[in-house]
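In the numbering used here, the protein residues as written are 87 to 451.
Glycine residues also receive a C-beta, built at the ideal position from the N, C-alpha and C atoms.
Have a look at the structure below, then the notes.
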């Protein structure tokens, strides 16, 4: 029986080369994502458009000064990024018992304009991820992707992949390509996720609407403010009444860290107190009550957030290693955890590094 001591609530996979070419049927296969070798490294071609070469999403284990924004190939990155057997070995090196898995390249599938091609590619990714997690479904926890361009397909794909081995939740783009998150067209999806017991996740910088601005210092500025996307999405979800209407539905703010949450909750409750009348909000409870009942948030390095944990709610916080991204703590997660939780009572620390995630994803020792 698996004994859980550390569960990472946000990690990524670099999809295998044949993820789509093996699973998308003709005639769409020729337009589905495929890898090409270029003089500058391996790149994905999606619907005829070539993106940049592999880089920032697969730097796990490198020194900070050796990070490369591009130029990697499948031979130069850690096999644990795309091979489940090697992933488990890397988890053992890091002392992590389970990881919650999100995509790298597959996030670009949300941007495919042709709905039929997009749906085929999302299904293919979810099938591949299920196969990946099936290697050890007690340790590899898959988060499937759902389309938003056609709301009927959102619920349909959720119900389909919910039956697959290893799938533990669903990811919506922070900025959907179709209707906004607060649209009632998603109500059947929320209802299905609630009934299936699958949490819904929002991951920073997904979808359309949050982009890199040109000019001096643009990239570090972009990385600094990434959490704003989660801030906006969470405000939309809380104020829309979704959590009131679906009281057993859980949301997860992913990779947005947590230091901003005390102010977010204070501000939301102040708006409720002062402005709910003239804004005609029909929420019967303050936003913070819905957050504490139904929302979780992941963090990597966030000493401010840990210090303010009681203002957020210890039961709502989940640590993560973000393997194999540039923010990852791998292979030194044990050291990071020790450093981050200095002075934190062991029981509180255990909630944030294992118990909250184990409860949400229904893991049992």
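In whole angstroms, what is the alpha-carbon distance linking residue i and residue j?
| i | j | result |
| --- | --- | --- |
| residue 163 | residue 131 | 19 Å |
| residue 87 | residue 218 | In this prediction, residue 87 scores a pLDDT of 37, lower than 50, which makes its location untrustworthy; the coordinate-derived value is nonetheless stated afterwards. Approximately 20 Å between the Cα atoms of the pair. |
| residue 172 | residue 420 | 20 Å |
| residue 397 | residue 127 | 46 Å |
| residue 416 | residue 366 | 47 Å |
| residue 357 | residue 368 | 13 Å |
| residue 346 | residue 113 | 47 Å |
| residue 423 | residue 145 | 20 Å |
| residue 207 | residue 262 | 17 Å |
| residue 94 | residue 364 | 42 Å |
| residue 138 | residue 153 | 16 Å |
Residue range of the beta strand (DSSP E) that residue i falls in?
| i | result |
| --- | --- |
| residue 259 | 253 to 261 |
| residue 177 | It is not in any beta strand (DSSP E) - residue 177 instead sits in the alpha helix (DSSP H) that spans 170 to 180. |
| residue 282 | Unbroken run through residue 282 is the alpha helix (DSSP H), 273 to 282; no beta strand (DSSP E). |
| residue 229 | 226 to 231 |
Since residue i is in the alpha helix (DSSP H), which residue starts that stretch and which ends it?
| i | result |
| --- | --- |
| residue 198 | Neither: residue 198 is in no alpha helix (DSSP H) and is coded neither H nor E. |
| residue 241 | 237 to 247 |
| residue 426 | 419 to 426 |
| residue 90 | No alpha helix (DSSP H) contains residue 90, which DSSP labels as neither H nor E. |
| residue 324 | 313 to 325 |
| residue 309 | 304 to 310 |
Taking the alpha-carbon of residue i as reference, which of the options has the nearest alpha-carbon?
| i | options | result |
| --- | --- | --- |
| residue 333 | 319, 345, 395 and 376 | 376 |
| residue 91 | 99, 120 and 225 | 225 |
| residue 161 | 123, 378 and 345 | 123 |
| residue 115 | 242, 268, 133 and 98 | 133 |
| residue 49 | 142, 101 and 147 | This structure leaves residue 49 out entirely; the chain is present only between 87 and 451. |
| residue 325 | 343, 372 and 281 | 372 |
If we count the other Cβ atoms within 10 Å of its Cβ and call it buried at 16 or more, is residue i buried or exposed?
| i | result |
| --- | --- |
| residue 316 | buried |
| residue 437 | buried |
| residue 431 | exposed |
| residue 185 | buried |
| residue 150 | exposed |
| residue 435 | buried |
| residue 311 | exposed |
| residue 269 | exposed |
| residue 442 | buried |
| residue 407 | buried |
| residue 384 | buried |
| residue 336 | buried |
| residue 440 | buried |
| residue 395 | buried |
So does residue i have its beta carbon nearer than 6 Å to some heavy atom of the ligand MN?
| i | result |
| --- | --- |
| residue 246 | Among the components modelled here there is no ligand, and therefore nothing to report on the ligand MN. |
Using a Cβ cut-off of 7 Å (strictly closer), state whether residue i contacts chain B.
| i | result |
| --- | --- |
| residue 279 | Of the protein chains in this structure there is only one, and it is not chain B. |
TODO: Within the segment 110 to 143, note down every full beta strand (DSSP E) run reaching 3 residues or more, in order along the chain.
DONE: 120 to 124, 127 to 132 and 135 to 139
- [ ] Could I get the ranges of all uninterrupted beta strand (DSSP E) runs contained in the segment 347 to 415, with 3 residues as the minimum, in chain order?
- [x] 381 to 385 and 403 to 405
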